[in-house]
Amino acid sequence: MNTMTEIPPAKTALAEPQAPPVRSKGALDHVIYVLRDNPVTLLAFAMFAVLMAAAVLGPSLVPYDPLATNASEALQPPSAAHWFGTDNLGRDVFSRAVVATRLDLLISVAAVALSFVIGSALGAAAGYWGGWLDIALSRVLDTIMAFPLFVLAMGIVAALGNTIENIVYATAIINVPFYARLVRAEVNIRREAGFALAAKLAGNTDLRVLALHIFPNALPPMMVQVSLNLGWAILNAAGLSFIGLGVRPPTAEWGIMVAEGANFIVSGEWWLAIFPGLCLMFAVFTFNLLGDGLRDMVDPRRRT
Amino acid sequence: MNRRLRAVLSRLAQALPVILGVVLVSFLLTRALPGDPAAYFAGDAADAASIEETRVKLGLDRSMPEQFGLYVLQLAQGDLGQSLTTGQPVVEELARRLPASLELTLVALLVSCGIAVPLGVLAATRPGSWIDHACRLLVTAGVSLPTFFTGVALIYVFYYLTGWAPSPLGRLDFIYLEPPSVTGFFLIDAALAGDAETWFAALRQLILPAATLALFTLAPIARMTRAAMLSALSSDYIRTARAAGLTSRKILFGYAFRNALLPVVTTLGMVFSFTLGANVLVEKVFAWPGIGSYAVEALVASDYAAVQGFVLCMALLFVALNLVIDLAYSMIDPRIGFDSK
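Protein chains in written order, with our numbering: chain A, 1 to 304; chain B, 1001 to 1341.
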C-alpha cells in the first residue's frame, strides 16, 4: 500500500510525508525507541493487557455469581471473602465489577467499530468525489456537532428505546463526525497526489484507487482516534446507564453500579460506588494513554 | 464598524442551516419517543373516542411534514408546548431552571480556566521537567474521570467523611430563603440583595458540583494551552524577540501567550459542549435543579415536549456560543477577518 508513495508526486499535489513503513525492521526499532523514551506508553500496553484478560477470562475466574443475591451478607465492607465488599442485595461487588468489563468493552468496541466503518465510507466518498455529496455531508455533520454530544446520545437512546443495542447505535452516531472529518481531510489532500493519479492511469477504477491506494494512508491517524474514542465510548455508555438509559439492572455494568452505589454514599457505604467507578476510570485511562502513545508513534509532530 | 456589522450578520446567516437542522433533528427524535402523548393528555379515564379527539386537537393526526410545519410555527412564537408530567409550559420551566445550570457551568469553567491555563503555560516553558510530566499525568487522569463518579467520590470525602460540604441537595439549604430573583444566578442575586449569609450558603452548595465539572474540563484546556504555547515558543518571532533582548516576561505574555490564545479559545468552545452534556450527570448526582435534571426526569417519563425543548435549548445555546467564539477570534487576533472565509 505505502509502496505507491514512492512514485514522485505531481507538482500540484502535496508531497506525501514519509509515512512510517509498517512492517520493516526500522519500524520496530522506531516503536522500541518511542517506548523507551516514554515508559508511560509501555504501562498503557500492560494496563490494556489486564483489561483484555478481565474481559475474556473474568466471568470464569470470579469467586461469586455476579447476580446471586444473599440477604444475610448485605452491605458488608471489603474483607478477605469479599474484596470489594457486598452491595445492598448481598451481591459480591468484586465479581460484578470484573464481569462488567466484558459488557462495557463490548459496547464501546462495537460502537467505535460501527462509527469507524460508517465514518470512513462517508468521509472517503465526500473527500474523493467532493461536490454536492461533500456539501450535504458537511451540513449533516455540522448539525450533529451542533448538539452537546451526550445530550444527543440521550435523545437517541430515549427515542429508539431502552436497549443495549441502542446505546451502541447512539454512541456510534455521535462519534461518526470525528472519523468522517478525519478521513475526508486525509483523502482530500491525496486525491490528486501522483501515486493516486498513477494508479488510476494504470487502469484502476475510482473505487479501487480510493479503497486500496488512498484510504490506507488515513489509517495511522485513525488508529489514534479509535483508541481515544474507545475511552469516550465507555464513559458515554456508563453515563447513559447512570441516568437510567440503556443497560438495565440487575445486569452488572459500571455505570449502573455507580448509580446504585450513589444512594449509599451519604450513609458511608463507599465501596458500592467507588470500586466500579475506579474500574471505569482504569479502562478509560488505559485507552487515553494508549491513544497518546500511538499518536507519538505515528505522528511525532503532534506530540503533546 | 459597518464592516464589522456586516461580518457578524454573514456569520449569523451561516448558522441558519445548522439551526434548521437542529430543529428538524429534535422534532424527529421526539416523535420517535415511545408512548402516545394523546392518550396521556386525554387522561386515565379517557375512552378511544376522547383520545382520538385529543389527538386531533393536538394535531397529532396529521402527516409528519404538516406536524413539522405546525411545530416550527409554534416555535416561532416561542411556544415549546406543555410538559406532560407537570402541565407547565416547557418554555417557562426551562427559563426558570436555565440559570441554575448556567451558574454551575460558568463557575466550573472559570475555575478550570484559572487552573489549567497557568498549568499549561508552566508545562510548556519547562518541557521535559517534572512539572511537564505531572501535567501530562494530571491531564490524562482528568479526562478519564467519569463526572458522575468524581461527584460521588467528592460527596463521600467532603460530606460524609469530613463534613465540610453541606448535604448535596440542590442550590440552597432549606433553612435559607432564595434571594429575590433578578438574574436567576444565586451568587449574583444574593450579592445584589447584600445578603452575605445567603451568598455564602449558595457558594457552599455550588463548590462540590462546580469542582466536579472543573476537574473534568481541566484536562483539554491544560493540554491545548501547553501545545499551543509550545508551538508559539518555538516560532521565529519568539526567536527574534529573544534576539532583540526583550524581557522573558514580555516574550512569554506579550507575544507567545497572545498567539497561543486562539487554539485555547477554540478548545474552550468544545469543552463547553462537553460540559453541557456532563451537566446532566452532575445535576443528577447533586440534585441540582437545572435543565439537565429536568431532562432526565422528562426522558424517564417519555415527556416529549420537555425533551424536545431541552435538546433544542442545549443545541441553540451551543450554536450561540460558537458564534460568540468566532467573534472573539477577530478580537484576539486581528489577522482573522470574516472576509477571508
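Even glycine gets a Cβ: it sits at the ideal position worked out from N, Cα and C.
Just so it is clear, the structure is predicted and the values come from calculations on it, not from any experiment.
A Cβ of chain A is located within less than 8 Å of the beta carbon of residue 1017 of chain B.
Listed along chain A is no residue with a C-beta nearer than 9 Å to that of residue 1309 of chain B; the closest approach is about 12 Å.
Rounded to whole angstroms, the gap between the alpha carbons of residue 1165 of chain B and residue 1171 of chain B is 13 Å. In this structure, the beta-carbon distance from residue 1072 of chain B to residue 146 of chain A does not fall below 8 Å. One thing to note: residue 108 of chain A has its Cβ within 8 Å of the Cβ of residue 237 of chain A.
Within the DSSP bridge table, the entry for residue 249 of chain A names no partner. Counting only Cβ-Cβ distances below 7 Å, residue 155 of chain A has contacts in chain B at 1029, 1307, 1311, in chain order. In the three-state scheme derived from DSSP, where H, G and I count as helix and E and B as strand, residue 1150 of chain B is classed as helix. Identification of chain B residues near residue 242 of chain A by a Cβ-Cβ cut-off of 7 Å yields 1148, 1281, ordered along the chain.
Look at residue 1089 of chain B here: in three-state DSSP terms it is strand.
The Cβ of residue 99 of chain A sits no closer than 8 Å to any Cβ of chain B.
The alpha-carbon of residue 1075 of chain B is positioned some 10 Å away from that of residue 1091 of chain B. Residue 1016 of chain B and residue 1320 of chain B have their C-alpha atoms some 11 Å from each other. In the three-state DSSP reduction, residue 1014 of chain B falls in the helix class (H, G or I). Taking 8 Å as the cut-off, the Cβ atoms of residue 1213 of chain B and residue 1265 of chain B do not count as close.
Listed as beta-bridge partners of residue 92 of chain A by DSSP are A/86. For residue 1024 of chain B, the closest C-alpha among the options A/112, A/135, A/144, A/81 is that of A/144.
Residue B/1080 holds the alpha-carbon nearest to the alpha-carbon of residue 1095 of chain B among B/1084, B/1108, B/1080, B/1109. Proximity of chain A to residue 1116 of chain B at the Cβ level (cut-off 7 Å) is not reached, the minimal Cβ distance being about 14 Å.
Between the C-alpha atoms of residue 1228 of chain B and residue 1293 of chain B there is a straight-line separation of about 36 Å. Taking the Cα of residue 243 of chain A as reference, the smallest distance to any Cα among B/1251, B/1236, B/1284 is reached at B/1284. For residue 139 of chain A, the C-beta contacts it makes with chain B under 7 Å involve 1017, 1021, in order along the chain. From the listed residues A/294, A/297, A/283, the smallest Cα separation to residue 1143 of chain B is found for A/283.
C-alpha of residue 1287 of chain B to C-alpha of residue 1173 of chain B: approximately 12 Å in a straight line. Residue 1308 of chain B sits in a helix when the DSSP states are folded into three classes. The shortest C-alpha to C-alpha distance from residue 1123 of chain B to any of B/1154, B/1060, B/1325, B/1135 is the one to B/1135. For residue 1082 of chain B, the secondary structure class from DSSP, reduced to helix, strand or coil, is strand.
Within the same chain, Cβ atoms closer than 8 Å to the Cβ of residue 1203 of chain B are found at 1187, the five residues on either side in sequence being excluded. Contact annotation: residue 230 of chain A and residue 48 of chain A have beta-carbon atoms that are not nearer than 8 Å.
Residue 1064 of chain B is classed as exposed because its beta carbon has fewer than 16 other beta carbons within 10 Å across all chains shown.
One alpha carbon belongs to residue 148 of chain A, the other to residue 1273 of chain B, and they sit about 5 Å apart. For residue 221 of chain A, the uninterrupted alpha helix (DSSP H) run begins and ends at 219-242, by DSSP. Counting C-beta atoms within 10 angstroms of its own C-beta, residue 263 of chain A has fewer than 16 neighbours from the protein chains shown and is therefore classed as exposed. A check of alpha carbon separations from residue 1133 of chain B across A/138, A/40, A/96, A/157 identifies A/40 as the nearest. For residue 1263 of chain B, the three-state secondary structure derived from DSSP is helix.
Contact between the region 128-145 of chain A and the region 83-90 of chain A is absent: fewer than 3 CB-CB pairs across the two stretches fall below 8 Å.
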